[in-house]
Structure formats: structure tokens, C-alpha cells
Amino acid sequence: MSIPNRWEEWVSEFEAWRNEIGFDDNLIQDYKFEAKYAPLDSDLIEFGDYKGQKKWKMTRDVPDQRIRDSLLHLIVYQGDTEFASVEQQRHLVKTAPTDYDLKSLIRVMSEEMRHGWQMCHVMMQNFGRTGAIEAQKQLKRRSLGMQERSGKSGARLLGSFNVDCDDWIDFFTFTQFIDRDGKFQLKMLSHGAYLPLSESMGPMLKEEAFHMGTGNNGLLRIGKARKIPVPLLQKYFYKWVPTGYDLFGGDNSSTAEWAYVWGVKGRPDEWTEKSDPDKRELNDYSRTCYHNELKELTDQLNKKIEEAGGDERIHLPDMKFNRAIGKYAVKRDEAGRPVANTTDAYGVPMAPEKFDPYVRSLALTAQDKQQLAKIFADGDWIAPTRF
Amino acid sequence: MPLRLAGRGVSRPSRKSSSSPSSSRTRGHSRRSKTPWIASRPPKVEEPVLRFFAHVPALFSMCLLAEKNDYEEVIYLMDRPVTPGMVARAISFRGDAKKRPDDHALALLASAIQKARYPDPGPLLLASRSKLPLSAAVRALHFANPAFPLWDQGVARGLREVAGKQAPRFRARLDRQGLAEYARFVRLIVKWREAISFKHVPEEPYFLARIIEGALAVRGSRGSKVRT
């Protein structure tokens with residue numbers, strides 16, 4: 001297939017992608033896809049070596065090719081997650097517990113597609129032929145679960161986006177944890193020196209607020225209904241939270257350090273955090289902020305379970321548990337057997353040979369899924385209010 | 001043919017135009033455009049509105065405290081197609097109705113709601129013979145399609161405090177004039193939800209129309225201690 005030369009050509013490919021993944025366009029008849037840009041508080045670069053200079057309006061204003069490469073890399077990864085999440089969630093329209101939940105899902109997917117559209121708009125408008133190639137590739141990769149089903153090649157770029165969303169608990173945990181990671185990433189980019197990217201972030205963050213609210217509210221309603229056994233709900237936390245931690249990238253990351261030095265990606269709290277960062281630990285700093293937020297939300301969920309009369313509690317997996325990226329990543333030998341960095345879900349070290357069976361014991365089994373299917377069929381597994 | 005009240009700039013895009021840049025504000029942005037990234041920018045709003053936006057999270061949180069169970073009970077109850085029973089439950093929210101309206105009125109309103117397409121509330125006029133007040137009809141419309149904001153005396157009072165004399169006037173009767181003012185409010189909300197900063201949008205599972213309206217309702221309530 002030829003490279004899209006004009007934006008309209010990319011839009012045609014976007015429409016073909018929707019069709020190919022089986023997305024029902026009737027669901028979004030009124031939705032208007034458009035690129036949205038919002039002005040920033042400051043037109044001066046806010047951090048890094050270029051601090052105080054004017055932000056870059058166009059790619060030709062970016063002073064170094066390495067920075068242009070880094071920007072394109074950031075945009076590609078951001079865009080890839082947006083399209084992937086639609087691939088993961090699209091089949092849930094058939095099983096929505098209520099009409100409002102269905103509306104929420106449709107809105108989440110529409111906005112994720114708009115975010116992908118936005119990133120491709122930035123690439124197509126500002127990065128020439130390379131940008132056009134990358135924008136096209138966004139629509140060629142597939143979330144791995146789907147890839148396996150359809151026999152297509154090319155998985156999505158990040159781990160969390162190659163995991164299937166099997167049911168609505170997956171949807172709520174995904175929007176709670178993975179979209180929340182998205183919020184952190186967008187906030188980090190929103191301070192950046194490159195205007196086409198940083199001005200994209202405000203409208204995207206505004207839309208993400210609804211996605212996270214949907215996830216958190218859904219989990220609270222599940223906690224209130226007390227029909228899903230806590231040990232089963234806990235398994236969804238084990239499925240998504242470690243991948244959420246991984247999304248922040250490696251520790252001691254030189255990529256993150258350079259992105260900060262160049263002023264293109266800051267800290268999530270760059271507005272309020274005035275102290276100089278430890279640039280070697282930027283990813284870990286953001287991951288810790290994310291972990292703290294998750295802890296607060298998990299406490300709220302446990303409070304809800306307690307109010308509803310439940311004795312068991314949800315446990316937020318430790319940051320060291322079952323990681324694939326960073327200093328806590330489980331090290332494996334050539335045969336794939338774990339050899340180091342093996343801990344239980346509480347972060348307590350465990351013998352490497354026990355690790356894989358232990359992780360399997362925390363995943364949903366076929367029996368669990370059967371049990372869940374029965375609960376879902378009863379229809380009252382989620383409360384009509386969270387309060 | 002139902003009355004179309006939506007003004008310019010908020011008419012419903014056709015299905016084709018919903019994904020076609022040639023009919024949206026992205027039109028003509030070839031890669032050689034002089035200002036290549038300008039596609040859509042938020043509209044400008046007046047200073048008092050910006051001040052109000054800064055208080056939206058706190059005001060909306062007060063709104064949730066006051067209406068928490070009731071709102072979610074209704075929103076998660078609604079289904080398609082809208083039935084007279086659902087309409088009855090929806091209009092009891094923030095209820096000014098002392099008793100359940102008769103079945104004919106409810107059926108008339110349920111039928112009108114099915115015909116309304118955002119952002120045009122015009123088809124509600126078909127329910128004018130129901131003798132239901134405008135605020136009740138809008139309540140049912142909102143719960144069927146939450147992009148339509150709620151509209152009653154309290155919201156209108158809050159709106160007047162924020163937007164001054166420019167604000168649409170609330171009229172109690174479900175008639176052409178009342179709906180025209182409501183349509184103005186819908187257009188205003190469209191503008192405001194584009195203009196509000198993400199820093200002032202709470203992480204809640206509600207449409208922005210609801211969040212802004214809820215904040216206005218608290219702003220307009222007499223007991224509110226929050227002043228923007």
C-alpha cells in the first residue's frame with residue numbers, strides 16, 4: 001500500500017482500519033473526529049537546557065535532529081496505545097451491563113480513536129514522509145490477542161496493549177489503571193517544548209478524565225454489589241497493575257533523561273514541583289506518583305467493600321512484582337526460566353523456581369471464567385450506584 | 001416536521017462528515033499549510049466564566065454529595081427505547097412533580113424524546129400537550145441522552161450569576177419560547193465544554209454537560225457557600 005501523501009488519504013485508511021477490526025460505525029454516528037489544540041499557560045520552554053527560550057512552533061524550529069527523532073518516537077508510542085485500546089475493547093459493546101455503561105464504552109473508544117487521530121495529525125502535518133509512514137503504521141499494527149486471531153503480523157508496541165480485555169471487569173480495571181498511566185504520560189508531555197504535541201495534550205487529558213472516572217466508578221459499583229468474589233476481582237489487579245508499572249519505562253533511563261534535558265517531556269507534576277529532579281530516576285519518580293494514586297483508589301475500593309459488609313480486601317500489587325521492565329524486571333535464562341528478581345505480590349523475595357507456578361495461580365483460570373460467566377448472566381453483579 | 005432549534009455551529013454533523021476532514025475544521029490542511037497544526041482551538045470565554053471554571057471541581061463535588069444516589073440510580077436505569085416508566089423515574093429526579101403524571105403525558109414525552117437528536121431539543125415540542133413543565137421534560141431528555149444538560153430554575157440562577165444578562169432565561173412552560181431558551185443553553189454548554197481546561201475537569205464518569213450544569217446548580221442554590 002502506498003504512503004498517504006495527504007491527510008485525507010490517511011483518513012481513508014483510518015476508516016478502513018475501523019472496518020477491518022470490526023468496529024460498528026453505527027455506534028458513533030454523531031461523533032466528530034477532529035484534531036484539537038489548546039493554548040498553553042506559557043509559550044516559553046519550562047524545563048531542561050532550553051528553559052526560557054520560546055517553545056517550538058514547527059519541526060524546523062527544533063534545534064537538534066536527535067530531539068526531532070525523540071519527539072517522533074514519543075508521538076508514535078502515544079498514538080499506538082490509542083488505537084490498540086479500541087482493538088482490545090471493541091467487542092464489549094455486546095455485553096454492556098447497562099445502557100449508560102454502553103454509552104460510556106462508546107465514548108471511551110471514540111475518544112481513544114480521536115487521540116490516535118490527533119497523534120497521526122501531528123505526525124502527518126509536521127514530520128514529512130517519515131511521519132506519514134509512521135502514521136500509516138499506527139493502523140497496521142494490531143493488539144496481539146487480535147493478531148493471533150486474525151493471523152496478521154505486527155503487535156502493538158507496549159505490553160499492556162497486547163493483553164485482551166475479556167469482559168467488563170477488564171474494561172473497568174483497564175480504564176482505571178492503564179488509562180490512568182495514560183494520564184501521567186499526557187501530563188508529562190503537556191509541559192513540553194514542542195507546541196504541536198504539548199498543545200494536543202489539554203483536550204486529550206480532558207477526555208481521559210471521563211475514562212478514568214468510568215473505571216473507578218465501575219470498580220466501586222462492583223465492590224458495592226459484592227457479587228464478584230474479592231479473590232476473583234484481585235486477579236484482575238494482578239493482570240493489569242504490573243503492566244501499568246512497566247508502562248513508565250526502565251529505571252535509570254537515558255531516554256527519559258534526554259527527553260527532560262531537551263525539554264520535551266517533564267514530570268507529571270512539573271507545574272507544582274519546583275525542585276530540580278533526579279534526572280536518572282525520572283521514570284521511577286513518575287511510577288511512584290502513579291503507585292501512590294493507585295494506593296489511594298484501592299483504599300477507596302476497600303472502604304466500599306467494607307461498607308457493603310465484605311470482610312476481604314483488595315491488595316495493590318507491589319511495584320517489584322512480576323515486572324517485565326526496569327530494575328525489578330524478572331530475569332530469565334535462555335530457556336525462559338526465572339533466575340532473579342522473583343517476588344510474591346507483596347514484594348517478598350521468593351525462590352525463582354516457584355515463581356512461574358505462583359504467577360499462574362494468580363491468573364484467571366478456565367474455572368474462574370466459568371464462575372464469572374454465571375455471575376454475569378445473573379445481571380446484578382454491578383450495583384446501580386456507587387454511593 | 002419537528003422544530004429545529006439548534007443554531008449555526010452546533011448542527012448535527014452527518015455520518016459522512018463525522019469522519020471526513022474535508023467537512024470539518026481540519027479542511028484544507030495539507031502538509032504544506034503555513035500553520036499546519038491549527039485544526040480546532042477552544043473558543044474564547046469571558047473572565048467571569050474562566051473564574052467559574054476554576055471552581056467547577058469543588059462545586060460539582062458538592063452537587064454529587066447532594067444528589068449522589070438519586071442521579072446514578074436514574075442514569076443506570078435508563079434503557080433504549082425509553083419507556084413511560086423510565087420517563088416517570090427520570091422526572092422525579094430533583095423532583096418538582098408531586099405526583100406521577102398520567103400515562104398519556106408520559107407516553108407523549110417518551111415518544112418525543114426518541115425523536116430528539118443532539119444538540120437539537122426541538123422535538124420536545126411534540127410533548128407540549130402533556131402539560132408537563134419544561135424542566136421535567138428536559139430531565140427525561142437528559143437521562144435518555146446525557147449530552148443534553150439539565151435545565152431548571154436553580155441552574156438558570158447559577159448561570160445568570162456567571163454569565164450575567166447574556167444568559168438564557170428559564171421559562172417554566174414547555175413551549176416554543178421555553179425550548180428556544182433551552183437550545184441557547186445547550187449551545188452555551190457546547191462552547192463552555194470546549195473552553196474549560198482539563199485542570200478543572202474532575203475524574204468522574206459523567207458527561208461534561210452534566211458536570212458544568214451540576215456546578216451551575218450548586219452555584220445557583222441559595223445555601224451555597226461557594227462564590228466564584
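Those protein sequences? They're chains H and V, same order as listed.
Residues in the first sequence are numbered consecutively from 1, following my numbering.
Residues in the second sequence are numbered consecutively from 1, following my numbering.
The C-beta atom is built at its ideal place from N, Cα and C for all residues, glycine as well.
Margin query: Any beta carbon from chain H within less than 9 Å of K115/V's own beta carbon?
Written below: Not closer than 9 Å to any Cβ of chain H, the Cβ of K115/V fails to qualify, so no.
Notebook entry, point to check: Pick from K115/V, A90/V, S92/V and G85/V: whose alpha carbon is nearest that of D232/V?
Noted result: In the structure displayed, chain V extends from 1 to 228; residue 232/V sits before or after that span and is not available.
Notebook entry, point to check: chain V beta carbons: is any one of them nearer than 9 Å to that of Y290/H?
Noted result: Y290/H does not count as touching chain V.
Next item on the list: Starting from P338/H, follow its DSSP beta bridges and name the residues at the other end.
Entry: Paired residue(s): R332/H.
Item checked: Reference G48/H; option with closest CA among A259/H, K295/H and R323/H -> Here the closest residue by C-alpha is A259/H.
Margin query: Could you tell me the alpha carbon to alpha carbon distance between P202/V and R60/H, rounded to whole angstroms?
Written below: Using only the alpha carbons, I get a separation of about 37 Å.
Next item on the list: Answer with yes or no whether the minimum CB distance from I375/H to chain V is below 9 Å.
Entry: No, I375/H lies away from the interface with chain V (no Cβ there is under 9 Å from its Cβ).
Next item on the list: Spell out whether any CB of chain V is found under 9 Å from the CB atom of R90/H.
Entry: Chain V, which has no Cβ nearer than 9 Å to the Cβ of R90/H, makes this no.
Note to self: With the cut-off set at 9 Å, would you say S40/V and E34/H are in Cβ contact?
What the structure shows: The Cβ-Cβ distance between S40/V and E34/H falls below 9 Å.
Item checked: is_contact[S160/H, chain V] using C-beta, thresh 9 Å -> At least 9 Å separates the CB of S160/H from every CB of chain V.
Next item on the list: Indicate whether at least one CB of chain V lies closer than 9 Å to the CB of K279/H.
Entry: Chain V, which has no Cβ nearer than 9 Å to the Cβ of K279/H, makes this no.
Notebook entry, point to check: Could you check where the alpha helix (DSSP H) with S286/H kicks off and where it finishes?
Noted result: Per DSSP, S286/H is one residue of the alpha helix (DSSP H) stretching across L282 to E307.
Next item on the list: Specify the secondary structure class of F376/H as computed by DSSP and reduced to three states.
Entry: In the structure shown, F376/H sits in a helix (DSSP, three-state: H, G or I).
Checklist line | DSSP three-state assignment for I3/H, whether helix, strand or coil | finding: In this structure, I3/H counts as coil in the three-state DSSP scheme.
Checklist line | Reduced DSSP secondary structure (H/G/I, E/B, other) of A35/H | finding: Per DSSP, reduced to three states, the secondary structure at A35/H is coil, with no helix or strand assignment.
Check: What's the gap between the Cα of P349/H and the Cα of D378/H?
Finding: The straight-line gap from Cα to Cα measures roughly 40 Å.
Notebook entry, point to check: Alpha carbon to alpha carbon, what distance is there between D152/V and C63/V?
Noted result: So the alpha carbons of these two residues sit roughly 15 Å apart.
Item checked: Identified DSSP bridge partners for K54/H -> DSSP, once it has assigned bridges, lists L44/H as partnering K54/H.
Checklist line | For M109/H and R90/H, believed in contact at Cβ under 8 Å, the rounded distance | finding: That belief holds up - the Cβ atoms of R90/H and M109/H are roughly 6 Å apart, short of 8 Å.
Item checked: the stretch 273-291 of chain H / the stretch 244-260 of chain H touching (three or more Cβ pairs under 8 Å) -> Touching, per the Cβ criterion.
Note to self: Please list the terminal residues of the continuous alpha helix (DSSP H) segment that includes D356/H.
What the structure shows: For D356/H, the uninterrupted alpha helix (DSSP H) run begins and ends at P352 to L362, by DSSP.
Check: Any beta-carbon of chain H closer than 9 Å to the one on E73/V?
Finding: It does: the Cβ of E73/V has a partner Cβ on chain H nearer than 9 Å.
Next item on the list: Spell out the partners DSSP gives D120/V in its beta bridges.
Entry: Answer is R117/V.
Next item on the list: List the residues of chain H that R41/V touches, going by C-beta distances under 9 Å, in chain order.
Entry: Close partners of R41/V in chain H (Cβ separation under 9 Å): K36, Y37, A38, P39 and E199.
Notebook entry, point to check: Does the Cβ-Cβ distance between L125/V and L159/V come in under 9 Å?
Noted result: Going by C-beta atoms, L125/V is not nearer than 9 Å to L159/V.
Margin query: Can you tell me whether M113/H is buried or exposed? The criterion is at least 16 other CB atoms within 10 Å of its CB, across all chains shown.
Written below: It counts as buried.
Note to self: For R6/H and R66/H, I'd like the C-alpha separation in whole angstroms.
What the structure shows: Straight-line Cα distance between these residues: approximately 26 Å.
Notebook entry, point to check: Under 9 Å Cβ-Cβ, which residues of chain H neighbour P170/V?
Noted result: Reading the sequence as shown, one finds Phe at residue 170/V and not Pro. Within 9 Å Cβ-Cβ: nothing; F170/V doesn't reach chain H, min ~26 Å.
Next item on the list: Would you mind listing the alpha helix (DSSP H) stretches within the stretch 115-158 of chain H that are 4+ residues and don't spill past its ends, in chain order?
Entry: List check, alpha helix (DSSP H) in window: 128-138 and 144-150.
Notebook entry, point to check: Between the beta-carbon of I3/H and the beta-carbon of Q125/H, is there less than 9 Å?
Noted result: No, they are not a contact pair.
Margin query: Let me check you understand the geometry: is the CB of I3/H closer than 8 Å to at least one non-hydrogen atom of the ligand ATP?
Written below: Only the bare structure without any ligand can be found here, which leaves the ligand ATP out of the picture.
Notebook entry, point to check: So, are the CB atoms of Y206/V and P119/V less than 9 Å apart?
Noted result: Taking 9 Å as the Cβ cut-off, Y206/V and P119/V do not qualify as a contacting pair.
Next item on the list: Below 8 Å on the Cβ atoms is my guess for G266/H versus M188/H; work out the distance and round it to an integer in Å.
Entry: Between M188/H and G266/H the Cβ distance is about 6 Å, and since that is below 8 Å, they are a contact.
Note to self: For a contact defined as C-beta to C-beta under 9 Å, what are the partners of H115/H on chain V?
What the structure shows: The contacting residues do not exist; H115/H stays about 13 Å from chain V at best.
Check: Is the CB-CB distance between E111/H and E199/H below 9 Å?
Finding: The Cβ-Cβ distance between E111/H and E199/H does not fall below 9 Å.
Check: Is F170/V closer than 9 Å to S135/V when the C-beta atoms are compared?
Finding: In this structure, S135/V lies near F170/V, with their beta-carbon atoms less than 9 Å apart.
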